[in-house]
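In what follows, a single structure is set out as structure tokens and then discussed.
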Amino acid sequence: MTVSLWRPSRLTRAQQEERRLAAQSALTDPRRTTHDLAQQFGVAEVTVRAWRARLHRDGEEALRASRATGRPERLTAAQQDEIGAMIDGDPRSHGFETRGWTIPKIRHVIGMTYGVWLDRAHLSRKLRRWGFPYQRPALRAVERNEDDIATWVRVQGEALEKKSR
10 MTVSLWRPSR LTRAQQEERR LAAQSALTDP RRTTHDLAQQ FGVAEVTVRA
60 WRARLHRDGE EALRASRATG RPERLTAAQQ DEIGAMIDGD PRSHGFETRG
110 WTIPKIRHVI GMTYGVWLDR AHLSRKLRRW GFPYQRPALR AVERNEDDIA
160 TWVRVQGEAL EKKSR
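Quick look at the structure:
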């Protein structure tokens, strides 16, 4: 009976690098087959062949992880801090008629100030990452009068009770 080792479904970049470096000495051993190495390190045989080719072509540093940079930010950290301070303020100071920031308002101010026009969905994700949660506005009229509503409910409730008797 063979016991299979448990392996996580996804490895971090550091774990992948560690696995490649651990395999380095075995990759240079001519007695080890590609199949055996693939089983030992939990990868496909084509991966082992690629590791051997990289090791042969570029030397020991070939199995080290490269830096994952991703797309560069279009707004600097200082600009992001300024945007955060702006959102803490009142949108009327930026020429808007109403209180409360919306994605289109923030997008407009960023575009006019920094010349960076972000997609609305992307801006929404960025705002969440910067610590500004999504807030749903209360759907109530500005003219709403709580006293009048309470009086109406009381009077209508009494009228309904009289009808039910």
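Residue numbers (our numbering): 10 to 174.
Cβ atoms here follow ideal geometry from the backbone N, Cα and C, with glycine treated the same way.
Separation of residue j from residue i, as counted between CA atoms
i	j	result
arginine 76	glutamine 48	27 Å
phenylalanine 50	serine 133	41 Å
alanine 86	tryptophan 139	11 Å
serine 102	alanine 53	60 Å
alanine 150	threonine 21	51 Å
arginine 116	isoleucine 158	38 Å
Three-state secondary structure (DSSP) of residue i
i	result
serine 34	helix
glutamate 151	First, the residue type needs correcting, since residue 151 is valine and not glutamate in the sequence shown. Coil, per DSSP.
threonine 160	helix
threonine 59	Per the sequence presented here, residue 59 reads as alanine, with threonine not at that position. If DSSP states are grouped into helix, strand and coil, alanine 59 belongs with the helices.
leucine 72	helix
arginine 137	helix
proline 39	coil
serine 18	coil
arginine 101	helix
leucine 127	coil
threonine 122	helix
ask   = Quick one: any contact between the region 59-68 and the region 99-114, if contact means 3 or more CB pairs under 8 Å?
value = Between the region 59-68 and the region 99-114 there are fewer than three C-beta pairs closer than 8 Å, too few to call the two in contact.
inquiry  = Count Cβ pairs between the region 162-174 and the region 111-129 that sit closer than 8 Å; are there 3 or more?
reply    = no
key: Meets three-Cβ-pair contact criterion under 8 Å: the region 67-75 and the region 86-99   = no
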